[in-house]
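Residue numbers (this note's numbering): 7 to 156. Taking it in order: structure first as structure tokens, then the write-up.
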């Protein structure tokens, strides 16, 4: 059975700035707290695949992520069906006045004895870690938006 959570966070910038922060793979290690490395840098493209090396519950996890859907500046959907942690993540961006509400829905499944054994702890940490990662992304996007030429 998959674990699923949905979080929303408001960004004091336009949707395009948040979308650009999410779609720029070179920035992902800066806000994904468990990410060790990513095989591609630059902008996401629909249908592209990239490899990610992460740490989950002390385990080194290798994943191949596919960008399933990309609708600038409102939607990014990614999926990983490989490795011992499979997941599906949707980032939906909604304009709220001059700001943006990011709604992130994440579902994941754990494979392997050690990860299944640690499942209760991983699930308890997942929402906290996701919220921390999105808060970090928020701070980065604000800085990137300030630095962008007008």
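Positions of the beta carbon are idealized from the N, C-alpha and C atoms, including for glycine.
- Note on residue 144: 16 or more other CB atoms within 10 angstroms of its CB, so buried under the neighbour-count rule.
- In this structure, residue 27 places its C-beta atom within 8 Å of the C-beta atom of residue 150.
- Of the candidates 84, 35 and 92, the residue whose Cα lies closest to the Cα of residue 76 is 84.
- For residue 94, the enclosing beta strand (DSSP E) starts and ends at 91-102.
- Counting along the chain, residue 113 sits inside the beta strand (DSSP E) bounded by residues 105-116.
- Between the alpha carbons of residue 90 and residue 97 lies a distance of about 23 Å.
- Contact fails between the stretch 9-19 and the stretch 35-43, because fewer than three Cβ pairs, one in each stretch, are under 8 Å apart.
- When secondary structure is reduced to three states using DSSP, residue 32 falls in the helix class.
- Every unbroken stretch of the alpha helix (DSSP H) spanning 4 or more residues and falling wholly within the stretch 11-64 is given here in chain order: 21-29 and 34-37.
- Residue 45 counts as exposed, since fewer than 16 other C-beta atoms from the protein chains shown sit within 10 angstroms of its C-beta.
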